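Reviewing the structure listed below.
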Amino acid sequence: MVSSRLGRTSRRKLLKASGAALVLGGCGSTYAPPRFSKLPPVARRSDVELLNGTLDLEHKLIAAYTGAIPLLTGSRQSAARRFLSQHLAHAGELIALVRQAGGRPVAPKPSYELGQPRTPGDVLALLQSLERNAIAAYLDSIPNLAPSQVRAAVASILANEAQHISILRASLGQPPVPAALVTGRE
Amino acid sequence: MAAVVASLLDPVAALAAARTDAEATRGLVRVELLLTFVYQRVLASGLLSASAEAVARELLGHEQAHEEILARELSRLGGTAPQSPATVAAADRALAARHVGRKLAGLRTGRGCLRLLVAVEGAAEGAYYNAMSKLRDPALLETGAEIMACEAQHATVLSELLHPGDVARAVPDAMVRGPL
Chain A
1 MVSSRLGRTS
11 RRKLLKASGA
21 ALVLGGCGST
31 YAPPRFSKLP
41 PVARRSDVEL
51 LNGTLDLEHK
61 LIAAYTGAIP
71 LLTGSRQSAA
81 RRFLSQHLAH
91 AGELIALVRQ
101 AGGRPVAPKP
111 SYELGQPRTP
121 GDVLALLQSL
131 ERNAIAAYLD
141 SIPNLAPSQV
151 RAAVASILAN
161 EAQHISILRA
171 SLGQPPVPAA
181 LVTGRE
Chain B
187 MAAVVASLLD
197 PVAALAAART
207 DAEATRGLVR
217 VELLLTFVYQ
227 RVLASGLLSA
237 SAEAVARELL
247 GHEQAHEEIL
257 ARELSRLGGT
267 APQSPATVAA
277 ADRALAARHV
287 GRKLAGLRTG
297 RGCLRLLVAV
307 EGAAEGAYYN
317 AMSKLRDPAL
327 LETGAEIMAC
337 EAQHATVLSE
347 LLHPGDVARA
357 VPDAMVRGPL
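Just so you know, the sequences run in chain order A and B. Once you know that position 44 of the first sequence is 44 in the working numbering, the rest is easy, because the numbers rise by one and skip nothing. Once you know that position 38 of the second sequence is 224 in the working numbering, the rest is easy, because the numbers rise by one and skip nothing.
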């Protein structure tokens, strides 16, 4: 029962969750999105690809948290709800940045294969794994992004993912801050 | 020259005015030296509980590692290393310059120590956030982002010590930018 509810997050749930992200993207985030200076078209195209790559990961995280929340209880569920709302904000920010760069934001997939976690511990481990993947992807993207303010915005998202990992690690009985450098491989 | 004058008056402005990787990195080394000083003084106060002290010692180790890594980068860039605060008064002036509304002098309780550490980590987040828009070297950008993420984790862990289970305080914002 637990595994089937997370195995494939339904399109309806995803549409509902991603709709919030699209609304966030349209209205802007809680602060003014970084302005793009005039850039050569090549640099902007490469930024769109990089930003869409990380947006794709945010869509997957949104799907995972959406599926995970009903499988968790108490403080773990509260944390997951909060992290879902933050990932929606990340997606909204990235959507706004992609549009600013003249690109088309990548849409969420109809469903995501998220495995068959059997226990709340398995669910938390899955979420931790996805957050780590996102961190690694953000780290790869930052040096290759052209506009400097966009790098800061992406780094600020990365730092938030790192905070999620701290809480998830603590929930799993692991050291919350295992290393001086957060690389996504810890 | 403008950055040098600015750094004497306002380290936040100095980082904002940084025009080279060396200037930006120097600003970050200064932040890490301040963090290290604050952690050392907090630990020396004896005010922390045993569990909080264990956490603070671990986080101090991270800050020292950050300072060493960035100091090496600064040397590679041909920059000169800043000095650590020499006194508590100097550290408190540096904290005030970074808009940290708490002081080392006058710490009386373990909770007061933790609140100071949370505030200082927030200032560090802000410094790295600003630096990420200044740095150009790809390796420095990656290291800066890795350290910034670690400082955010520090703030989360320290907040959990103050307010166990309160994830809204531990992870308050979707975008980590330090206090606005």
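Don't be surprised by glycine CBs; every beta carbon is placed ideally from N, CA and C. Values in this document were obtained by computation on a predicted structure and should not be read as measured data.
- Three or more beta-carbon pairs separated by less than 8 Å are not found between the stretch 236-249 of chain B and the stretch 314-328 of chain B, which leaves the two stretches without contact.
- Taking CB atoms only, ALA202 (chain B) has no neighbour in chain A less than 8 Å away.
- With fewer than 16 other beta carbons inside 10 angstroms of its own, GLN116 (chain A) counts as exposed.
- Interface with chain B (8 Å Cβ-Cβ cutoff): HIS59 (chain A) is excluded.
- Proximity of chain B to GLN149 (chain A) at the Cβ level (cut-off 7 Å) is accounted for by SER319, in chain order.
- For the C-beta of TYR225 (chain B), not a single chain A residue is nearer than 7 Å; the gap to the nearest is close to 13 Å.
- Judged by DSSP secondary structure, MET334 (chain B) falls within the alpha helix (DSSP H) whose first and last residues are 324-348.
- Three or more beta-carbon pairs drawn from the stretch 171-183 of chain A and the stretch 338-347 of chain B are found closer than 8 Å, and the two stretches are therefore classed as touching.
- Note that the C-beta distance between ARG185 (chain A) and LEU327 (chain B) is not below 8 Å.
- Shown here, SER270 (chain B) sits in coil according to DSSP, grouped into three states, outside any helix or strand.
- Residues GLU218, ILE333 of the same chain have their beta carbon placed closer than 6 Å to that of HIS252 (chain B), with the five preceding and five following residues left out of the count.
- The contact set of GLU131 (chain A) on chain B, defined by CB atoms closer than 9 Å, is empty, because the minimum CB distance reaches about 11 Å.
- Near chain B, meaning a CB-to-CB distance below 7 Å, the residues of the stretch 70-84 of chain A are SER75, SER78, ALA79, ARG82.
- Here DSSP, grouped into helix, strand and coil, assigns MET361 (chain B) to coil.
- Interface annotation, ARG363 (chain B): in contact with chain A, CB-CB separation under 8 Å.
- With a cutoff of 8 Å on beta-carbon distance, ALA354 (chain B) and ARG82 (chain A) are scored as near each other.
- By the rule that beta-carbons nearer than 8 Å mark a contact, THR211 (chain B) does not touch chain A.
- Not flagged as an interface residue toward chain B: GLN174 (chain A), since no C-beta distance is shorter than 8 Å.
- In the displayed model, LYS60 (chain A) falls within a helix according to three-state DSSP.
- Residues ALA341, GLY364, PRO365 of the same chain have their beta carbon placed closer than 7 Å to that of GLY308 (chain B), with the five preceding and five following residues left out of the count.
- Residue environment: PRO70 (chain A) is assigned as exposed (fewer than 16 neighbouring CB atoms within 10 Å of its CB, all protein chains considered).
- Contact note: ILE157 (chain A) reaches chain B through ALA360, MET361, VAL362, using a C-beta cutoff of 9 Å and chain order.
- Ranked by how close their Cα comes to the Cα of LEU94 (chain A), the residues A:LEU124, A:GLN149, A:ALA170 have A:GLN149 in first place.
- With respect to the 8 Å criterion, ASN160 (chain A) and GLN86 (chain A) are classified as neighbours on the basis of their beta carbons.
- Considered as a whole, the stretch 133-182 of chain A harbours 148-171 as its complete alpha helix (DSSP H) runs of no fewer than 4 residues, in chain order.
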